[in-house]
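K.L.:
All you need for this note's numbering is the position in the sequence shown, starting with 1, plus 220.
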Amino acid sequence: MLLLTACASTGPAQREAAALARFEAAAGEPVANFRFFRLQGFTVLGEQSLVVWTGPSDAYLLRVDAPCNELRWAPKIGLSSGFGLVSARFDRVLAGHDRCRITEIRPIDTRALRAASAQASGA
């Protein structure tokens, strides 16, 4: 029984929460929009949060309206945009059949994120 409890305490929800906390610590204040030409990657942090990478040093923490049920399981996502901009409260994350409205955009300080990751792995 104790083994099952230990396994449950390090499940996907806890890992997502820890990752979300790391990204939030490196995120700046909310912005209205960001330039978008190509999505280079994404990291899902739950049903309402994800990080999108638009370049090696360009990442944004996005929050979306609930429910965005397919986000967690989507092998790929898309972003709606207008004139090369993704805007909060207007554009959406496209995940499977879900079209999840973006409610908040926060730029990630990728240097600070890398430094924190290096410090955590060295500790």
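Every residue gets a Cβ at the ideal spot worked out from N, C-alpha and C, and that includes glycine.
DSSP puts S307 in a beta bridge; with which residues?
P.N.:
Along the sequence shown, read from residue 1 onward, the residue named residue 307 stands at position 87. S307 is bridged to N253.
K.L.:
Going by DSSP in three states, A198 sits in which element: helix, strand or coil?
P.N.:
No answer is possible for residue 198: the residues shown for the chain start at 221 and end at 343.
K.L.:
Going by the beta-carbon positions, is the gap between N253 and V313 smaller than 7 Å?
P.N.:
If you number the sequence shown from 1, residue 253 lands on position 33. If you number the sequence shown from 1, residue 313 lands on position 93. It is not a contact, given that the beta carbons lie outside the stated cut-off.
K.L.:
Once the 5 residues before and after E267 are set aside, which same chain residues still bring their CB inside 7 Å of it?
P.N.:
For the purposes of this step, residue 267 is taken as residue 47 along the sequence shown, with counting starting at 1. Hits under 7 Å: A286, P287, C288, N289, L291 and R292.
K.L.:
Rounded to whole angstroms, what's the CA-CA distance from A237 to L265? Just pull it up for me.
P.N.:
The count along the sequence shown starts at 1 and reaches residue 237 at position 17. The count along the sequence shown starts at 1 and reaches residue 265 at position 45. The straight-line gap from Cα to Cα measures roughly 7 Å.
K.L.:
Could you pull the DSSP bridge partners for L281 from this structure?
P.N.:
Here residue 281 is taken as the residue at index 61 of the sequence shown, counted from 1. Paired residues: V271 and R326.
K.L.:
Quick one, are the C-beta atoms of A315 and A294 less than 7 Å apart?
P.N.:
Locating residue 315 in the sequence shown gives position 95, where the first residue counts as 1. Locating residue 294 in the sequence shown gives position 74, where the first residue counts as 1. A contact, by the Cβ cut-off of 7 Å.
K.L.:
Output the distance between the C-alpha atoms of G275 and G342, rounded to the nearest integer angstrom.
P.N.:
Within the sequence shown, residue 275 is the residue found at index 55, counting from 1. Within the sequence shown, residue 342 is the residue found at index 122, counting from 1. Straight-line Cα distance between these residues: approximately 26 Å.
K.L.:
In the DSSP assignment, find the beta strand (DSSP E) that holds G261 and state where it starts and stops.
P.N.:
Taking the first residue of the sequence shown as 1, we reach residue 261 at position 41. G261 -> beta strand (DSSP E) spans G261 to V264.
K.L.:
Measuring straight from C-alpha to C-alpha, what distance separates A226 and R235?
P.N.:
Taking the first residue of the sequence shown as 1, we reach residue 226 at position 6. Taking the first residue of the sequence shown as 1, we reach residue 235 at position 15. Note that A226 scores 45 on pLDDT, short of 50, meaning its location in the model is unreliable; the coordinates nonetheless yield the value given after this. Computed Cα separation, rounded: 14 Å.
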